Amino acid sequence: MNLPIRKMIPLLDNHAAIALRQAAAARLQAKPAPRQSLSELELQKLQHELEVHQLELEVQNEELQATRAELETSLEHYTDFYDFAPVGYFNLTAEGEIHQVN
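For the sequence shown, my numbering gives the first residue as 16, with consecutive numbering after it.
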């Protein structure tokens, strides 16, 4: 179940995704190779674990994308609200001190 790197990391531009993949490959090469050979059953279990982990990462990525979209919408809303308001707004602390003014 090989997915293209753009599918796995759509939040990054292509250059950043390639750099991330190269860094991961370099880390993998730096690790010592296992000295024992694995049986067919062990390889199947390992492949299954990797596929499950990949799906978990895809779900996390989808959740992160949804959260990012919500944050961008919220940012746009409040930017419009504060920056283009016909009157001034004050953000106050709990103590009543002025924290921010538009």
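For glycine and all other residues, C-beta sits at the position ideal for the given N, C-alpha and C.
Everything numeric in this text was worked out from a predicted model, so none of it was measured.
Cβ shell of residue i (< 7 Å), same chain only, five flanking positions each side left out
i	result
L58	none
C-alpha gap between residue i and residue j, whole angstroms
i	j	result
Q69	A39	15 Å
V116	T82	27 Å
G103	F96	11 Å
I33	A100	42 Å
E87	E78	14 Å
A31	Q37	10 Å
M16	A48	For M16, the predicted structure reports a pLDDT of 41, less than 50, and the residue's modelled location is therefore unreliable. A value from the coordinates is still provided. Using only the alpha carbons, I get a separation of about 23 Å.
I113	N106	6 Å
L18	A41	Any reading at L18 must be qualified, since the residue scores a pLDDT of 43, below 50, and its modelled position is unreliable; no value is offered.
L43	G111	54 Å
L90	Q51	53 Å
H92	V67	38 Å
Beta carbon proximity, residue i to chain D, threshold 8 Å
i	result
L79	No chain D appears in this structure, which consists of one protein chain only.
Any non-hydrogen atom of the ligand HEM closer than 7 Å to residue i Cβ
i	result
H68	For the ligand HEM, the structure offers nothing, since it holds no ligand at all.
Contacting residues, own chain, Cβ-Cβ under 6 Å from residue i (five flanking each side not counted)
i	result
A84	none
Those residues which DSSP pairs with residue i across a bridge
i	result
V116	F105
Test item: CB-CB of residue i and residue j under 8 Å
i	j	result
L72	L61	no
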